[in-house]
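Asks: Add 15 to the 1-based position in the sequence shown for my numbering, that's all there is to it.
Just so it is clear, CB atoms sit at the ideal spot from N, CA and C, and this is done for glycine as well.
Just so it is clear, the structure is predicted and the values come from calculations on it, not from any experiment.
Attaching a single structure in structure tokens format; questions to follow.
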Amino acid sequence: MKIVVDSNRIIAALISDGTTRELIFNKEFEFFAPDYMKIEIEKYKDEIIEKAGLQEDEFDVLFSILFDKIKILSLKEYEGYLKEFSESLSDFKDVAYLAVCKKINAEGIWTHDSGFREQKVVKVFSNIDLLNYLRNLE
């Protein structure tokens, strides 16, 4: 299943070795994200390190491992869809995630950001939704 992953899920996976991290490593999902997501997460690096109780080198290794599981799309690849979604969300920086969804024909976006529920164009998945999807495959 192709899913666009929001930065809040990656931050959660960096902070805690829990359900979110398990879902990222599940082979049933193929994750995608806009290129600026890495920069967005890097802004919170010190806060993440503190909350997770990690050393900087441990953060860097985990960051790299997580991003090996995510296909990153450059702005050039999805910019043609930005205008289409420019008024779908109040937070313009999140429009890139919708554009990536459209570009790759994803099933939806995995996020816990309630702002994505403002729009009705792209399906929004939570951890519970993805766990239920996996349960239904059994």
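Could you check which residue in Glu37, Asp109, Trp125 and Leu90 has the C-alpha nearest to that of Lys138?
Replies: Trp125
Asks: For the segment 79-94 against the segment 131-148, do three or more pairs of beta-carbon atoms, one drawn from each stretch, fall closer than 8 angstroms, so that the two count as touching?
Replies: Contact between the segment 79-94 and the segment 131-148 is not established, with fewer than three Cβ pairs separated by less than 8 angstroms.
Asks: Rounded to the nearest angstrom, how far is the Cβ of Tyr93 from that of Ala111, given a contact under 8 angstroms?
Replies: Rounded, the Cβ-Cβ distance is 7 angstroms, consistent with contact.
Asks: With distance defined between alpha-carbon atoms, name the residue in Ile39, Glu43, Asp32 and Gln70 nearest to Met16.
Replies: Glu43
Asks: Taking CB distances under 8 angstroms as the criterion, tell me whether Asn151 reaches chain B.
Replies: The structure shown contains no chain B; it is built from a single protein chain.
Asks: Spatial neighbours of Phe40 within its chain, please: C-beta separation below 7 angstroms, excluding the five flanking residues on both sides.
Replies: Within the same chain, Phe40 has close Cβ partners Lys84.
Asks: In terms of DSSP beta bridges, what is Leu88 paired with?
Replies: Pro49, per the DSSP bridge assignment.
Asks: Starting from Val139, follow its DSSP beta bridges and name the residues at the other end.
Replies: Ile124
Asks: Express the C-alpha separation of Ala67 and Tyr59 in angstroms, rounding to a whole number.
Replies: 12 angstroms
Asks: DSSP puts Lys17 in a beta bridge; with which residues?
Replies: Glu45
Asks: Quick check on Glu94: does DSSP put it in helix, strand or coil?
Replies: helix
Asks: Comparing alpha-carbon positions, which option in Glu153, Ile26 and Val115 lies nearest Tyr49?
Replies: For clarity, residue 49 is Pro in the given sequence; the question names Tyr instead. For Pro49, the nearest C-alpha among the options comes from Val115.
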